[in-house]
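J.: Could you have a look at this structure, given as structure tokens, before my questions?
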Amino acid sequence: MKNNYCNIKNIETINPKNFEKLEEILKIISNKTRLSILLILMKYDEVCACELESALHMRQSTVTTHLLKLYHSGILKKREDWKFTYYSLQEDFKPLIKCILNFKK
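Each step along the sequence shown adds one to the number in numbering that gives the first Met the number 0, with nothing skipped, and position 7 is 6.
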């Protein structure tokens with residue numbers, strides 16, 4: 000159908016369910032503390048949770064809460080070495096995180 004105001008295009012149907020995982024990831028990332036953690040991990044690759052406490056000037060419990068949200072969403076991976084836990088970005092997420100962090104400039 001054509002009218003005087005716009006050209007009607009045959010646009011394919013988009014299923015919003017296809018975006019559920021992306022929506023979940025973006026909700027988790029959209030927090031200034033978690034963005035700070037991601038920025039640090041982009042710069043230093045792997046960081047111990049105790050180093051993040053110091054860098055962010057936050058208590059261990061607060062930092063751990065944010066790290067676990069990122070970890071359980073699949074954005075981070077962790078490695079335990081004795082009593083220390085080290086976190087790093089999953090390779091698949093690096094391009095997305097880099098793109099998002101470029102907007103801070």
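C-beta atoms are modelled at their ideal positions from N, C-alpha and C, and glycine is treated no differently.
Would you mind working out which of Thr-32, Glu-22, Glu-23 and Leu-25 sits nearest Thr-63, comparing C-alpha positions?
T.: For Thr-63, the closest of Thr-32, Glu-22, Glu-23 and Leu-25 by C-alpha to C-alpha distance is Thr-32.
J.: Pick from Cys-47, Arg-58 and Leu-55: whose alpha carbon is nearest that of Leu-88?
T.: Cys-47
J.: Between the beta-carbon of Tyr-86 and the beta-carbon of Lys-77, is there less than 8 Å?
T.: yes
J.: Per DSSP, what kind of secondary structure is Ser-35 in: helix, strand or coil?
T.: helix
J.: To which residues of the same chain is Leu-69 closer than 7 Å at the C-beta, ignoring the five residues directly before and after it?
T.: Excluding residues within five positions, the ones whose Cβ falls inside 7 Å are Ile-27, Arg-33, Ile-36 and Leu-75.
J.: Compare the beta carbon distance of Glu-19 and Ser-72 with 8 Å and say whether it is the shorter of the two.
T.: no
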